[in-house]
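If you read the sequence shown in the UniProt record's numbering, its first letter stands for residue 1, the second for the next number, and so on. Where a beta carbon is used, it is the ideal one built from N, C-alpha and C, also for glycine.
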Amino acid sequence: MPTTEPSRPHRARGGSFAVLDPATGEPFAEAPDQQPEELDAIVERAHTAWRGWRADPDARAAALLAAADAVERAGPDLAPLLTREQGKPLPESFAEVARAAARLRYFATLRPQTRPIVDGRPVRSEVRWRPLGPVAAIVPWNFPLQLASAKFAPALAAGNTVVLKPSPFTPLATRMLGSVLAAALPEDVLTIVTGREPLGERLASHPGFGHVTFTGSVPTGRAVARGAASSLARVTLELGGNDAAILLDDVDVEQIVDRLFWAAFRNCGQICMAVKRVYAPARLYAEVVEALAQRADQTVVGPGLQAGSQLGPVNNAPQLARVEGYAAEALATGARAAAGGHRLDRPGYFFAPTILADVSAQSPVVAQEQFGPVLPVLVYRGVEQAVEAANATGFGLGGSVWGTDLDRAEEVAERLECGTVWINHHGELSLAQPFAGAKDSGVGVAGGPWGFYGNLRPFVVHRPEET
Ligand code: NAD
């Protein structure tokens, strides 16, 4: 069994910290370890840049469209670096770069709608929109570029400037993206800061921001909200999930198993809205477990830069330890590994894609967010029980229902307490749709026009009606 590497990105000499390659567990580069004291000057420059950036929507749109082209052109440099630090297979890194470019294009052309207020009074009232000011953005390590763009594209398009902090596990591709964008955008409109805690904490509580937008875990989200409360900045939180997939008794297992498997295991299961629990009816339970286990056993696990790898390593040592702990606890309390169940005996943070059968509903791998390549499959008796179990969590990000009768599947889907439900697939999002979690999965709305308006405040002008 390989030993676990240091549990946190560690400080290196000269104001930088080492970045590890999860496929080897070895450091391969360094990133600047910026200190919280540097933030005052950075935020002041973001304020200065805001004056020009907010003034001209046409110039903004042109700059953002040029930025999208620049990101796309930089794909061959960005994607391998992303894979090196994050672990995902190279084609998925290219897809992530493409998504970042597409998001810039989508938001570049949005304009806030000026709306009259019609209420019978003899005044002309109109709702216009104003940007919020510099925006602080903090993102995790699972989709560094995609999630960064989900923050800065709507914020910049709405006329704000942005200071963005990637995770210290994955700072490099985001820094490169920042350089690419710097060539297309005015100075200090987008600033990337990298460093270890308490940099994020100080960013979230800095008094110079009008909006603090965070993607990450629930506990850190709470800390961010507490920090932002000191300045009363607007807060958007996109937090964790524990999405259930309910298979109905008319589901065609063979037809859906591939889609279901990848909805749980893509990016090594490190997706907020991955399928994290499967509920199968008793009649189909053995077939579902067997089909998923076969799919897991066939999956090619290897370094993301190696051609043919379908599943890379877990991103970092603490996450690997967490995933391993969830699997071990379940196996020690009566679960069975129908596939996997262990780390791979090789360097790096590799864990065999794991299907757990006969898991207790109280097991942490069911009740909490595993965020890794371990999928529990649970049995249910009656749809009522499945819906109840799916909703029995503090999370409320997504969910899905799988079956042949689409109307019946939709009826069940309507009863899931979450922000997005899918039928016969799971996890696809349009750039134009709202993305918001129920319960502990988030505060505020990202995505589409909703995410755009999340970066604006209404500004109402009243004047007498002209006679
Ligand atoms: P995390 O909460 O540990 O870290 C997220 C970011 O916050 C990182 O940049 C980290 O450096 C920073 N941070 C750490 N402590 C902080 C503090 N006290 N104040 C401010 N910032 C701080 O999350 P993670 O482990 O990097 O990512 C995994 C989590 O992210 C999972 O729970 C996953 O579900 C969630 N996630 C949610 C979405 C969504 O859109 N809902 C998308 C992707 C990931």
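Practice task
Could you pull out every residue in the same chain whose Cβ sits closer than 7 Å to the Cβ of Ala-79, ignoring the five residues on either side in sequence?
Solution key: Leu-90, Ser-93, Phe-94 and Val-97
Exercise for the section: Would you decide whether Asp-258 is buried or exposed? Buried here means 16 or more other CB atoms lie within 10 Å of its CB. Expected result: exposed
Exercise for the section: Helix, strand or coil for Val-445, going by three-state DSSP, please let me know. Expected result: coil
Handout entry: Reduced DSSP category for Ala-245 - H, G, I as helix; E, B as strand; rest coil
Key = strand
Practice task
Inspect the CB distances between the stretch 125–139 and the stretch 209–219 and report whether three or more fall short of 8 Å.
Solution key: yes
Problem - Close beta carbons around Glu-417, own chain, < 6 Å, minus the five adjacent residues each side - result: Asn-391, Gly-396 and Ala-438
Practice task
Kindly provide the ranges of any alpha helix (DSSP H) runs that are 4 or more residues long and lie completely inside the stretch 160–199, ordered along the chain.
Solution key: 172–182
Problem - Proximity below 7 Å, CB of Ala-148 to CB of Thr-174 - result: yes
Practice task
Count the CB pairs spanning the stretch 359–378 and the stretch 270–283 that are closer than 8 Å, and state whether there are at least three.
Solution key: yes
Problem - Own chain, CB closer than 8 Å to Ala-74, minus 5 neighbours either side, in chain order - result: Val-97, Met-176, Leu-177 and Val-180
Handout entry: C-beta neighbour in chain D for Val-235, strict 7 Å
Key = The chain labelled as chain D is not found in the depicted structure, where only one protein chain is given.
Exercise for the section: At 4 residues or longer, and completely inside the stretch 34–87: list those alpha helix (DSSP H) runs for me, N to C. Expected result: 39–53, 57–73 and 75–86
Practice task
Spell out the partners DSSP gives Glu-238 in its beta bridges.
Solution key: Thr-215 and Gly-442
Exercise for the section: Given a cut-off of 7 Å, decide if Thr-109 and Glu-126 are closer than it, judged by their beta-carbon atoms. Expected result: no
Problem - Identity of the residue in Ala-223, Ala-335 and Phe-351 nearest Thr-296 by Cα - result: Note that residue 296 is Ala in the sequence shown, not Thr. Closest option to Ala-296, Cα to Cα, is Phe-351.
Practice task
Measure the C-alpha to C-alpha separation of Thr-161 and Asp-358 and round it to an integer number of angstroms.
Solution key: 51 Å
Handout entry: Contacts around Lys-88, its chain only, beta-carbon distance under 7 Å, and the 5 residues preceding and following it disregarded
Key = Asn-267, Gly-304 and Gly-312
Practice task
Could you tell me which residues DSSP puts in a beta bridge with residue 494?
Solution key: Absent from the structure is residue 494, since the part of the chain shown begins at 1 and ends at 467.
Practice task
Name the two residues that bound the continuous beta strand (DSSP E) containing Pro-116.
Solution key: 115–117
Problem - Phe-261 beta carbon near ligand 1 (any heavy atom closer than 6 Å) - result: no
Problem - Element boundaries [alpha helix (DSSP H), containing Trp-141] - result: No alpha helix (DSSP H) holds Trp-141; DSSP gives it neither H nor E.
Exercise for the section: Name the two residues that bound the continuous alpha helix (DSSP H) containing Val-366. Expected result: 364–367
Practice task
List the endpoints of the continuous beta strand (DSSP E) containing Glu-287.
Solution key: Premise fails: Glu-287 lies in the alpha helix (DSSP H), 285–298, not in any beta strand (DSSP E).
Exercise for the section: Assign Ser-363 to one of two classes, buried (16 or more other C-beta atoms within 10 Å of its C-beta) or exposed (fewer than that). Expected result: buried
Problem - Close beta carbons around Arg-415, own chain, < 6 Å, minus the five adjacent residues each side - result: Val-387
Practice task
Evaluate the contact criterion for the stretch 448–461 versus the stretch 416–436: three or more CB pairs, one atom per stretch, below 8 Å.
Solution key: yes
Exercise for the section: Check Gly-454 in the structure and name its three-state DSSP category. Expected result: coil
Problem - 8 Å contact criterion, which His-426 and Asp-243 should meet: CB distance rounded - result: 7 Å
Exercise for the section: Mark Leu-232 as exposed unless 16 or more other C-beta atoms lie within 10 angstroms of its C-beta, in which case mark it buried. Expected result: exposed
Handout entry: Proximity of Ala-282 and Arg-381 at Cβ, strictly below 7 Å
Key = yes
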